[in-house]
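Inspection log for the structure reproduced underneath, given as structure tokens.
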Amino acid sequence: MLLLNMRICESFPNKFDEDIDKRIDPLDYVIDPLDYDRLEDQFDRNVTACGECSPELCPVAQECRAGLILDSCGCCQECGNLEGQTCDIGDINVFYGLCGTDLQCKFDDLDVGDGEVAEPQCVCQSQDALCGSDDRTYMNICQFKEAYFSNSALKIKRRGPCKTVPIIKVPPQNLLNVTGSSMVFLCEVFAFPMAMIEWKKDGRDIILPGDDPHISVQSRGGPLKYELSSWLQIEKAGLADAGTYRCVARNELGSISAMAVLGVLGPEEMSVYLTENMTEMLEYGQSEREYDEDYY
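Numbering (the numbering used here), first residue to last: 1406 to 1701.
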């Protein structure tokens, strides 16, 4: 059985009387959620701790890129939390703070790994992209407002992303492996209009995979809006597969490319390579430790 009591959050005050000079441990305020009498008493004490509201005594909130919110006592204004910051669920400012203008506090389970607990984060209520007068694409109105805070001359040029030649967000990386292994290059591109990605090798005009059965190319949209990801996979790589591979992205406005080198070694060469590099790494690590000891 799951019981939810919203007032448990109100038992963590972030404002106290000035005569309290000791450090407060938040764990001291954890109360059994089923002990309703104690919860009511704790809530009443927290409200009393705020005292009478005197707006003229409130500190001036400055540099608030996400707008203003009320503090936990509902009296003074303070900066709202930005997109991506941890926040308090609901409309009660207790511990992390409330989200700013056009933002909503939500749990994001997408980026949570095994054994991790999702934390509520501020998420922009609108996820429609905007093109700024600086010819930069803002993925939502919240990001635009943050930029506007630093540049008051910034205006919305159009709804939707700015038209641009492709931009390679994640270029392919150099790879080295032994013969017979499988290798994968990744290339992520942002563009509007959407781009098409091609793979080529060693300056040739042939678009991979061609008629080579052990090379394959897969592409899909994402990971973000207006992005395209493409993978070049080489199965059971041989010595002839070594060389320079190029990811080429193009749309109606232009093209861009990024290169990566594939190294393929035989088993004996790979063993020698690993031995030599392991020795260098160990020697480097030893010299670092000696330097630290001498320094301290």
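Heads up, the beta-carbon is just placed ideally off N, CA and C, and yes, glycines get one too.
**Report entry** Buried versus exposed call for residue 1557 [16 or more other C-beta atoms within 10 Å across all chains shown]
**Finding:** exposed
Query raised in the report: Can the beta-carbon of residue 1629 be found less than 8 Å from the beta-carbon of residue 1590?
Result: no
Query raised in the report: Out of 1668, 1522, 1508 and 1549, which has the shortest C-alpha to C-alpha gap to residue 1559?
Result: 1549
Requested in this report: Compare the beta carbon distance of residue 1469 and residue 1484 with 8 Å and say whether it is the shorter of the two.
Outcome: yes
**Report entry** Supposed contact pair residue 1561 and residue 1535 - C-beta distance, whole angstroms, cut 8 Å
**Finding:** 5 Å
Query - Sequence-distant residues of the same chain with beta carbon closer than 6 Å to residue 1551, five excluded per side - result: 1470
Query - Neighbourhood of residue 1633 by C-beta, 7 Å cutoff - its chain only, sequence neighbours within 5 removed - result: So the list reads 1594, 1599, 1600, 1602, 1624 and 1626, once near-sequence residues are dropped.
**Report entry** Rounded straight-line distance, which links the Cα of residue 1635 to that of residue 1494
**Finding:** Take the alpha-carbon of residue 1494 and the one of residue 1635: they are about 38 Å apart.
Query raised in the report: In chain order, what residues of the same chain have a beta carbon less than 8 Å from the beta carbon of residue 1583, not counting five sequence neighbours either side?
Result: Contacts found: 1669, 1670, 1671, 1672 and 1675.
Query - Test item: CB-CB of residue 1490 and residue 1532 under 8 Å - result: Going by C-beta atoms, residue 1490 is not nearer than 8 Å to residue 1532.
Report task. Could you spell out where the beta strand (DSSP E) holding residue 1654 opens and where it closes? Result -> 1648-1656
**Report entry** Runs of alpha helix (DSSP H) lying entirely within the region 1545-1573, each at least 4 residues, in chain order
**Finding:** 1546-1555
**Report entry** Integer-rounded CB distance, given that residue 1488 should sit under 8 Å from residue 1508
**Finding:** 6 Å
Query raised in the report: Does DSSP put residue 1457 in a helix, a strand or coil?
Result: coil
Requested in this report: Look at the Cβ atom of residue 1473, then the Cβ atom of residue 1467, and state whether they are nearer than 8 Å.
Outcome: no
Requested in this report: Have a look at residue 1616 and residue 1678 and give me their C-alpha separation to the nearest angstrom.
Outcome: 33 Å
Query raised in the report: Assuming residue 1604 and residue 1622 make a contact with CB atoms under 8 Å, what is their CB distance in whole Å?
Result: 6 Å
Requested in this report: Put residue 1491 into one of helix, strand or coil per three-state DSSP.
Outcome: strand
Query - Beta-carbon proximity list for residue 1538, same chain, < 8 Å, skipping 5 on both sides - result: 1558, 1559, 1560, 1561 and 1562
Query raised in the report: Among 1500, 1609, 1643 and 1631, which has the Cα closest to the Cα of residue 1544?
Result: Taking only the C-alpha atoms, the option nearest residue 1544 is 1631.
Requested in this report: Assuming residue 1596 contacts residue 1654 (C-beta within less than 8 Å), just tell me the rounded distance between them.
Outcome: 7 Å
Query raised in the report: If you draw a straight line from the C-alpha of residue 1476 to the C-alpha of residue 1547, how long is it?
Result: 21 Å
**Report entry** C-alpha distance - residue 1506 paired with residue 1682, whole-angstrom precision
**Finding:** Counting only the Cα atoms, residue 1682 lies some 53 Å from residue 1506.
Requested in this report: Using only the heavy atoms of the ligand PLP, determine whether one of them is closer than 7 Å to the beta carbon of residue 1600.
Outcome: This structure simply doesn't include the ligand PLP, nor any ligand for that matter.
Requested in this report: State the Cα-Cα distance for the pair residue 1702 and residue 1657, rounded to the nearest angstrom.
Outcome: There is simply no residue 1702 to check, as the chain begins at 1406 and stops at 1701 in what is shown.
**Report entry** Cβ-based burial, residue 1513 [other Cβ within 10 Å; buried from 16]
**Finding:** exposed
Query raised in the report: With a CB to CB cut of under 6 Å and the five nearest residues on each side skipped, what residues in its chain are close to residue 1530?
Result: 1507 and 1509
**Report entry** residue 1651 classed as buried or exposed, judged by whether at least 16 other C-beta atoms fall within 10 angstroms
**Finding:** Buried: at least 16 other Cβ atoms inside 10 Å.
Report task. Using only alpha-carbon positions, find the residue among 1644, 1592, 1478 and 1524 that is nearest to residue 1492. Result -> Closest option to residue 1492, Cα to Cα, is 1524.
Query raised in the report: If you draw a straight line from the alpha carbon of residue 1648 to that of residue 1642, how long is it in whole angstroms?
Result: Their backbone Cα atoms lie some 12 Å apart in a straight line.
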